[in-house]
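Engineer: The structure is given below, and queries will be raised subsequently.
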Amino acid sequence: MGEQKRKKQNELHRSSFIFKKKNYKVMLIGLGVIALGFILMSGGGSDDPNVFNPEIYNWRRIRLAPALVLIGFGIEVYAILLNPDKNKNTN
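Going from the sequence shown to our numbering is simple: count from 1 and add 5.
Here's what the structure looks like:
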């Protein structure tokens, strides 16, 4: 009897997905934030290698973009750990 129960539970677990729709939405938001950070980090170079362009040390490239990338990775970790099936009325 117990073995049949375990087999039935294993079949149920195999057919279900680990993440739900809410997890994937949060993951897409995190990927968007990471992509935005990398886009903001790009540029600032010079066409002539003998000419220095101080735009490479712009606040946007040094502070804002890496912060956005780290925030995006934090959102990804949150999306993985998020449990959308958790009941909010647990007393």
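We put the CB at the ideal spot given by N, CA and C, even for glycine.
A quick note: this is a predicted structure, and the numbers were derived from the prediction, not measured.
Give the secondary structure of ILE1 by DSSP, where H, G and I count as helix, E and B as strand, and everything else as coil.
Structural biologist: Residue 1 is absent from the model: the chain starts at 6 and stops at 96.
Engineer: So, are the CB atoms of LEU86 and VAL31 less than 8 Å apart?
Structural biologist: Contact flag unset, no.
Engineer: On the three-state DSSP scale, how would you describe PRO89?
Structural biologist: Coil at PRO89, not helix or strand.
Engineer: Cα-Cα, which of VAL56, ARG65, ASN58, ILE34 is closest to GLY77?
Structural biologist: Out of VAL56, ARG65, ASN58, ILE34, ILE34 has the C-alpha closest to the C-alpha of GLY77.
Engineer: Assign ALA72 to one of two classes, buried (16 or more other C-beta atoms within 10 Å of its C-beta) or exposed (fewer than that).
Structural biologist: It counts as exposed.
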